Structure formats: structure tokens, C-alpha cells
Amino acid sequence: MFKLRIATKQIEAKLRKTAEEFKKNPYKVIPKCNGKCSSCYFEKIRDDVAKLKEEKYLEKMAKKKNFVAALATTMLLADQKIPYIAVMKFGNENVYYAKRGKVKDEILAGLQNWDKPHIRMLAYREIAKKKKLNIFSLPEKVLCSENVPEEFLDFLSKKFSCDEEEYVKLKWKGRE
436 MFKLRIATKQ IEAKLRKTAE EFKKNPYKVI PKCNGKCSSC YFEKIRDDVA KLKEEKYLEK
496 MAKKKNFVAA LATTMLLADQ KIPYIAVMKF GNENVYYAKR GKVKDEILAG LQNWDKPHIR
556 MLAYREIAKK KKLNIFSLPE KVLCSENVPE EFLDFLSKKF SCDEEEYVKL KWKGRE
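Residue numbering for the sequence shown follows my numbering, starting at 436 and increasing by one per position.
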């Protein structure tokens with residue numbers, strides 16, 4: 436559930452900056468494949484993202500409900516005024532995003548808060564669940580892999596820096 440608010444200039448500027456980044460490089464939302472998949476689900480999405488450079492296709496896709504529609508909707512924010520924003524509670528954190536079209540709130544919130552890796556995962560939740568994919572979010576990119584990638588483990592160990600007496604224990608598919 437979300438609440439609507441009047442957008443502050445800082446939040447509007449942040450959302451527009453994210454939209455401009457996606458307009459320059461929309462491929463950054465496509466996870467890098469680290470697995471040995473026979474067919475990558477994100478290849479079809481990559482084809483749709485390539486077409487978003489055309490303004491007509493961008494506006495057409497923004498009216499749909501899927502992941503690419505959320506990207507198109509977010510890209511359109513670069514050229515729009517954002518008078519109102521939606522606020523979603525995510526743990527103890529307020530997540531701000533511009534609600535547009537028919538796209539699910541979680542996907543919009545995840546893409547429009549790209550600078551926060553933990554919130555970014557909201558955008559991939561539905562895809563990961565339906566397609567049974569393992570998606571990992573790092574500060575600069577998103578990875579898709581069967582097993583936990585080494586760079587993700589490095590990221591976690593730096594984020595939760597521990598000394599020799601403390602450690603973070605990861606349990607993955609029954610293994611430790």
C-alpha cells in the first residue's frame with residue numbers, strides 16, 4: 436500500500452536524475468548473466484529495451500504492466516514535472532517513487548530507487564519468483580547466477596565488515 440505526497444524538490448531531482456541515467460543507458464537494468472543457462476530470460480527483455488530508444492515505442496510501452504513498462508515509465512520522468520510522489524514503507528525506510536500507469540508499485544519503486552541495492556531488488560522480485568532465478572544486487576550492477584557469485588560475497592563481507600571473532604554465516608540451498 437502506498438501514500439501520496441507532494442514531491443519535494445530534492446526527491447523530484449533524484450527521480451529525474453535516475454530517469455536521465457536510464458535514458459542514457461537503459462541496459463543497466465538487465466542483470467549480467469553469471470550462469471550457464473541454456474536460454475536467458477533477460478535476452479527477450481534486452482530486445483524490448485533496445486526498442487525504447489524510439490519515442491513512440493517508449494510511450495506505447497509505458498502504458499503496459501510489465502518490467503519493461505516500468506523502465507519506460509521511469510525514462511519518461513526525465514522530461515516531466517513530478518508534482519506528486521508515492522511513498523511505500525520498506526522495513527524502517529520510506530521509499531519514494533513516481534506512480535505512473537498500470538505498472539506494479541514494487542517494480543516502479545525498485546527501478547526509481549536504483550541507487551539503493553536492497554530496494555532495487557523489488558523490481559526483480561516477481562521475475563525471480565516466476566522464473567525461479569537467483570538475482571543478486573551489487574552497488575553498481577545486478578547479477579543473475581545459479582550460485583552465489585564471489586563478487587557478491589566480497590560485497591557482503593565489506594558491507595558487514597567483521598573481525599576474526601565475528602562473522603556472517605550464509606546458508607544457500609541447504610549448504611553453509
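Cβ atoms here follow ideal geometry from the backbone N, Cα and C, with glycine treated the same way. A quick note: this is a predicted structure, and the numbers were derived from the prediction, not measured.
query: Start-to-end residues for the alpha helix (DSSP H) that takes in Ala-454; result: 444-459
query: Three or more C-beta pairs below 8 Å linking the segment 491-499 and the segment 514-533; result: no
query: The segment 521-534 / the segment 440-456 touching (three or more Cβ pairs under 8 Å); result: yes
query: Distance, Glu-581 Cα to Val-484 Cα; result: 24 Å
query: Per-residue DSSP class, three states only, for Val-503; result: helix
query: Start-to-end residues for the alpha helix (DSSP H) that takes in Ala-563; result: 560-566
query: Whether Leu-578 touches Tyr-519 by CB criterion (8 Å); result: no
query: Beta-carbon gap between Tyr-476 and Leu-568 smaller than 8 Å; result: yes
query: Leu-557 - containing alpha helix (DSSP H), residue span; result: Segment: none, Leu-557 is in no alpha helix (DSSP H) and carries neither H nor E.
query: Interface flag, Lys-438 vs chain C, CB-CB below 8 Å; result: No chain C appears in this structure, which consists of one protein chain only.
query: Top-ranked residue by Cα proximity to Met-523, from Gly-545, Thr-509, Met-510, Ser-474; result: Gly-545
query: Where the beta strand (DSSP E) containing Arg-440 begins and where it ends; result: 438-441
query: Selection from Ile-562, Glu-585, Glu-494 that minimises the alpha carbon distance to His-480; result: His is not the amino acid found at residue 480; the sequence shown has Ile there. Comparing Cα-Cα distances from Ile-480 to each of Ile-562, Glu-585, Glu-494, the minimum goes to Ile-562.
query: Enclosing alpha helix (DSSP H) for Val-538 [first to last residue]; result: Note, Val-538: premise wrong, no alpha helix (DSSP H); not H, not E.
query: DSSP three-state assignment for Glu-586, whether helix, strand or coil; result: helix
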